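Protein chains in written order, with this note's numbering: chain A, 430 to 572; chain B, 430 to 572. Ideal Cβ positions, reconstructed from N, Cα and C, are used throughout, including at glycine. Everything numeric in this text was worked out from a predicted model, so none of it was measured.
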DNA sequence: TTACATTAATTGTATATACATATATTTATT
DNA sequence: AATAAATATATGTATATACAATTAATGTAA
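Below is the structure:
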């Protein structure tokens, strides 16, 4: 077996580093909101809905901005409806679609969550100064 | 610490960018090995075991280098044993422990997987030159 | 209008994962 | 030696997710 690949390609090093940081950060943020009984996907959906400023979103509108845009969005929204954090009604003009909006209760919870998440986020990124953060973001965007 | 609500704090931008890239990369690499019926966690475990160069690993040895080091490592190894890609025996000196080694079949599969993954990894990082990759890695490590 | 294709959302199912708890073995204490 | 504590791994259970298939509504073309 050819095991003499003694040096790791840069692209692998980069890929694994990003994946590791990504999962670490995911875990950190998840734990920051877990005490409110909210998962990261649910949090994500709530933020997307708030971003619509009252304008209803279809399931696809939400899906396309989710971390993992897939068929599970239905069930994520289900959970939020059960918790009364969002409302879902059938779209009258196209009854295949649904109209999803965030409730006042959802907005209230989101302010609490934002606080907790912001705190956690600045905590886990504190090893870089603003200049470095900007450079890092720029490189990641270019990637 | 207090952030102005109207503009997105740098730390949030950075966090979300990393999380997004991390999941994107995870999906890319996963899809590159999926056709061989291997998940990313399983691939990860196989690589860790190969890295031991024949020296058996305990479950904890494997766990501590996994992306998500948790109780599921037992079941990940289970899968690999079923596929005959690794061997698991009870450790004679401490029968609480298990000794895990990668099989020749596992090594063979790994060379195929490495190829596919290397290709995918250089593909998804091609927008940066080597210099930029190094800078990006350095910033991520500092983070 | 009927038939066919397309679209939006949901559901079924298998697998994955998180979290708590259990089992087995070894180590430490009395 | 008997009992308790610590350690290594495994299991039960609930939830999450991926993937495929299904249902319902709309659009299109003969």
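Is the beta carbon of residue j closer than 8 Å to that of residue i?
| i | j | result |
| --- | --- | --- |
| residue 564 of chain A | residue 568 of chain B | yes |
| residue 469 of chain A | residue 452 of chain A | no |
| residue 492 of chain B | residue 526 of chain B | no |
| residue 447 of chain A | residue 463 of chain B | no |
| residue 518 of chain B | residue 458 of chain B | no |
| residue 540 of chain B | residue 485 of chain B | no |
| residue 467 of chain A | residue 542 of chain A | yes |
Checking contacts by CB at 8 Å: is residue i closer than that to chain A?
| i | result |
| --- | --- |
| residue 557 of chain B | yes |
| residue 485 of chain B | no |
| residue 535 of chain B | no |
| residue 426 of chain B | In the structure as shown, chain B begins at 430 and stops at 572. Residue 426 of chain B is therefore absent and cannot be evaluated. |
| residue 502 of chain B | no |
| residue 432 of chain B | Interpretation of residue 432 of chain B is limited by its pLDDT of 41, a score under 50 that renders its predicted location unreliable; no figure is taken from the coordinates. |
| residue 509 of chain B | no |
When the cut-off is 8 Å and only beta carbons count, does residue i lie next to chain B?
| i | result |
| --- | --- |
| residue 495 of chain A | no |
| residue 448 of chain A | yes |
| residue 454 of chain A | yes |
| residue 561 of chain A | yes |
| residue 438 of chain A | yes |
| residue 551 of chain A | yes |
| residue 441 of chain A | yes |
| residue 564 of chain A | yes |
| residue 491 of chain A | no |
| residue 480 of chain A | no |
| residue 539 of chain A | no |
| residue 458 of chain A | yes |
For residue i, name the three-state secondary structure that DSSP assigns.
| i | result |
| --- | --- |
| residue 567 of chain A | helix |
| residue 528 of chain A | strand |
| residue 461 of chain A | helix |
| residue 516 of chain B | strand |
| residue 474 of chain B | helix |
CA-CA distance, residue i and residue j?
| i | j | result |
| --- | --- | --- |
| residue 548 of chain A | residue 471 of chain A | 19 Å |
| residue 474 of chain B | residue 533 of chain B | 15 Å |
| residue 572 of chain B | residue 508 of chain B | 34 Å |
| residue 516 of chain B | residue 528 of chain B | 8 Å |
| residue 520 of chain A | residue 501 of chain A | 20 Å |
| residue 480 of chain B | residue 476 of chain A | 42 Å |
| residue 535 of chain A | residue 496 of chain B | 33 Å |
| residue 552 of chain B | residue 444 of chain A | 11 Å |
| residue 506 of chain B | residue 489 of chain B | 12 Å |
| residue 570 of chain A | residue 559 of chain A | 16 Å |
| residue 494 of chain B | residue 566 of chain B | 19 Å |
| residue 561 of chain A | residue 510 of chain A | 40 Å |
| residue 503 of chain A | residue 524 of chain A | 16 Å |
For residue i, tell me which candidate among the options has the shortest Cα-Cα distance.
| i | options | result |
| --- | --- | --- |
| residue 514 of chain B | B:488, B:538, B:551, B:503 | B:538 |
| residue 554 of chain B | A:441, A:437, A:436 | A:441 |
| residue 550 of chain A | A:560, A:436, A:482, A:460 | A:460 |
| residue 465 of chain B | B:512, B:506, B:503, B:561 | B:512 |
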